[in-house]
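The working numbering puts the first residue of the sequence shown at 1290, with every later residue one more than the last. Even glycine gets a Cβ: it sits at the ideal position worked out from N, Cα and C. Notes follow once the structure below has been shown.
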Amino acid sequence: MLIHAFDPTDFMTCHNLATQPLIMSPSCIASVDEGIQAIHTRVEDLSIDAIREAQFGSVVSPRAGMFMLGFMLSRRMTITDGYGSQRGWGDEDRLIRIYEVELQMEEVRRQVAPAAPSRLGCIWVAEEGAASREMLGVMFGTARHIVSVDIVRSINLLRADASLYDRFAETGDLGAAELYWQGREVDGHWEILLDGAIRVTRDDELQVLLQDCRDAGHCLPSFT
1290 MLIHAFDPTD
1300 FMTCHNLATQ
1310 PLIMSPSCIA
1320 SVDEGIQAIH
1330 TRVEDLSIDA
1340 IREAQFGSVV
1350 SPRAGMFMLG
1360 FMLSRRMTIT
1370 DGYGSQRGWG
1380 DEDRLIRIYE
1390 VELQMEEVRR
1400 QVAPAAPSRL
1410 GCIWVAEEGA
1420 ASREMLGVMF
1430 GTARHIVSVD
1440 IVRSINLLRA
1450 DASLYDRFAE
1460 TGDLGAAELY
1470 WQGREVDGHW
1480 EILLDGAIRV
1490 TRDDELQVLL
1500 QDCRDAGHCL
1510 PSFT
């Protein structure tokens, strides 16, 4: 069994879950949506310069969305909400660091494991278990809701040790980044990078998650 940590403050994720308990990576969406397919370029096919400038040009994964925020903040761009008011994030340094680390990780991926899915174009799942739940708890605290999921489509995936990512982010050790993309084990904090689609498997968990989405202020479709 697998688990995924959903963000109930993300409107599009909540809306999609309310209409069908299915979450897809950008490339998976493009494979079933002709409109998206017409404009879509896989992250893996973009130049590193385009990624550095956050020029994705299609639907983006949640991680790519954070990457884009970090890019804009690093360039001191003004970020506004839908009403034209400037937004203050309060965690600017963290978002800028995510941008810097993910850019470096993408550069290493292209050198070490070019066939692996990019962290900027995938969705994450983890294997069910106390260690995985603890890992997600450390990553997100109580900000995300962990639910049981199944993989319903896999275009590409990589099972990687998240502790190697953490080591690289904390120390800049390129060797750790290389081991991450090689799928090597250090502490066994496994995460699965999936280019594909996942489905929520338990209706009781889904309903609690959707209520969390409503509590966050989202107006969702009434059918589930």
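Look up L1498 in the DSSP assignment and say whether it is helix, strand or coil.
helix
If I measure Cβ to Cβ from R1433 and keep anything under 8 Å in the same chain, skipping five residues before and after, which residues do I get?
A1294, F1295, D1296, P1297 and L1425
How far does the beta strand (DSSP E) with M1355 in it extend, from its first residue to its last?
Segment P1351 to S1363 is the alpha helix (DSSP H) holding M1355; no beta strand (DSSP E) there.
Beta strand (DSSP E) runs wholly inside the segment 1402-1453, at least 3 long, in chain order
1412-1416 and 1434-1450
Which word fits T1513, buried or exposed, when buried means at least 16 other C-beta atoms lie within 10 angstroms of its C-beta?
Reliability fails at T1513, whose pLDDT of 45 lies under 50, so the model's placement of it is uncertain and no value is given.
Just grab the DSSP bridge partners of F1295 for me.
H1434
In chain order, what residues of the same chain lie with their CB nearer than 7 Å to the CB of M1355, ignoring the 5 residues before and after it?
L1384 and I1387
Got a sec: does the ligand FMN put a non-hydrogen atom nearer than 6 Å to the Cβ of E1423?
Looking at this structure, you won't find the ligand FMN or any other ligand, since it has none at all.
Cα separation between W1470 and Q1344?
23 Å
Between V1348 and the rest of its own chain, which residues show a CB-CB distance below 8 Å, the 5 nearest in sequence each way excluded?
P1315, I1318, A1319, I1325 and H1329
Since R1488 contacts V1441 with CB under 8 Å, what's their CB separation in whole angstroms?
5 Å
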